[in-house]
Amino acid sequence: RERQHQLEIQQLIETFPLFAKVDEHSQEELLLLFRPKSALPGERVMRKGDRGDGMYFLSSGAVEVRLPGGAVRLEPGAFFGEMALLSGGRRTADVIAIDFCQFLVLERRDFNMFTARHPALRSAVSDMARERTEMNALN
Ligand code: CMP
């Protein structure tokens with residue numbers, strides 16, 4: 035059981051290096067907080083204008099973020115849906131699965147609770163959100 039846990043954590047960090055920053059106990063906690071979710075090719079994962087229900091970590095497959103300037107493709111290891119959680123606002127874009135996808139979802143309240151206790155993680159996520167916002171403003 036313990037060994038199984040170790041493997042899961044190792045896998046988690048390999049796919050999402052972001053979580054290498056947090057301590058082992060918190061990595062275990064994440065495994066419990068994550069809600070597994072999947073999508074079929076063509077399925078809409080997020081709708082622009084919706085309230086943000088969670089942040090999504092893509093473990094397999096690929097999604098497209100549909101932006102006015104074109105689509106951005108995200109691959110395993112990427113995350114999305116952070117913007118609406120950080121701003122408390124609405125989804126800024128449609129996100130469409132373009133392959134069979136598996137996600138780990140951190141629900142809004144868990145995101146708030148967990149990132150409040152891990153400021154380094156929260157700022158890493160904020161940095162990415164800021165980068166994306168700046169990129170979108172240029173297109
Ligand atoms: P959110 O606004 O909650 O929902 C749509 C998501 O698309 C957004 O969070 C980001 O995670 C993602 N997104 C928006 N713009 C970009 C971009 N330029 N590159 C990659 N992902 C983006």
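First residue of the sequence shown: 35, per my numbering; consecutive thereafter. Quick reminder that beta carbons are idealized off the backbone N, C-alpha and C, glycines included. On a predicted model such as this, the values are computed, not experimentally measured, just so you know.
Asked: Enumerate, from N- to C-terminal direction, the unbroken beta strand (DSSP E) stretches of 3 or more residues contained entirely within the region 88-126.; Found: 88-94, 97-101, 104-108
Asked: Comparing alpha-carbon positions, which option in S160, G103, N173, C135 lies nearest V79?; Found: C135
Asked: Pull up the distance between the alpha-carbon of L65 and that of N173, whole angstroms please.; Found: 36 Å
Asked: Are there 16 or more other CB atoms within 10 angstroms of the CB of A73, so buried, or fewer, so exposed?; Found: buried
Asked: What are the boundary residues of the beta strand (DSSP E) that includes R166?; Found: Run containing R166: none in the beta strand (DSSP E); it sits in the alpha helix (DSSP H), 153-172.
Asked: Taking its Cβ as the centre, do 16 or more other Cβ atoms sit within 10 Å of S93, making it buried, or is it exposed?; Found: buried
Asked: Need the endpoints of the alpha helix (DSSP H) that I132 sits in, please.; Found: First-last for I132: undefined, no H or E at that position.
Asked: May I ask which residues mark the beginning and end of the beta strand (DSSP E) holding R81?; Found: From DSSP, R81 is part of no beta strand (DSSP E); its letter is neither H nor E.
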